[in-house]
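Using the numbering used here, read the sequence shown as starting at -11 and increasing by one per residue.
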Amino acid sequence: MSVKDIWSKTSGWVRSRRIGRGGGFRPMMDENGRTRADNEVYKDHTGQESADEQAKKEDEKGVENHVVVKQAQQMDKQETLERLQQGFNTLIEQLRDINNNLARQADRNEALMQKFDEVPELLKRIPEILDSNKELTEKFYEQARSNAAREAVLIEAVEKIPVATARQTDKLVEINHQLTAAAESEALMAEGFNKFNEMLSKLNENTGSQADSIHQMNKTFSTSDRYTKYIMARQHKRFVWLFFISLGFCLTVILIM
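So this is what it looks like as structure tokens:
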């Protein structure tokens, strides 16, 4: 049922509940402020019935009270209609909320039924899922075993690292000693070569001085070729001996180092 249908039925019910009045109807008010029709009979304050007197008095007061009663009645009707309108609006909002809730519930029920329809397919897939889980479990177990073996090898290698490190340290210490000895020997060789250079310099100086002497002797003893040859041969022998002595000394120093 839509909101429009509910509203039309409610309006019809309100129209049917309205009390029809004739054209000559004039509501009257008694001394207590209550309205009544012309054919109603009230008791007076003494409790006795006086219909003729009351009718006469009401005819006299009817004209005066007609406007007041009509206005009060119109105000009551307006207030009643406003309250009915508010109630209908509230009812419409509540019905709208109920309709929305029912629509959501229907959607949820439809989704739930779809899930229920998917249950048999899921149940059919359970054996396949179990088989795949079994295969995955076996693969995981194999991987775990291989990882355990690798970890054992790694642990063994890590345990060997300190020993290998100690060996490498010892080798490095030996290499350091060898390099130190080589440096010392190189220093000695450098010192020997320096001495050899000094000896060669002195020999060069001696040779220069001997050459000057020979030149002077050549000038002085130009006539003595034999003596000059003898002196030259002797100086040559000295030079050779000095060269071999220096060479032997250098070789001796090298062998000692």
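Every residue, glycine too, gets a C-beta built ideally from N, C-alpha and C.
Subject >> Length of the line joining the Cα atoms of residue 162 and residue 154 >> reply: 12 Å
Subject >> Alpha carbon of residue 195 to alpha carbon of residue 184, nearest angstrom >> reply: 16 Å
Original post:
What's the C-alpha gap between residue 243 and residue 176?
Top reply: 11 Å
Original post:
Hey, residue 230 and residue 191: beta-carbon distance below 8 Å or not?
Top reply: yes
Original post:
What do you reckon, are the CB atoms on residue 180 and residue 241 nearer than 8 Å?
Top reply: yes
**OP:** Please confirm whether residue 204 and residue 223 have their CB atoms less than 8 Å apart.
**Re:** no
Subject >> Inter-residue Cα distance where the pair is residue 92 and residue 64 >> reply: 41 Å
**OP:** Report the rounded CA-to-CA distance for residue 68 versus residue 103, giving the unit in angstroms.
**Re:** 51 Å
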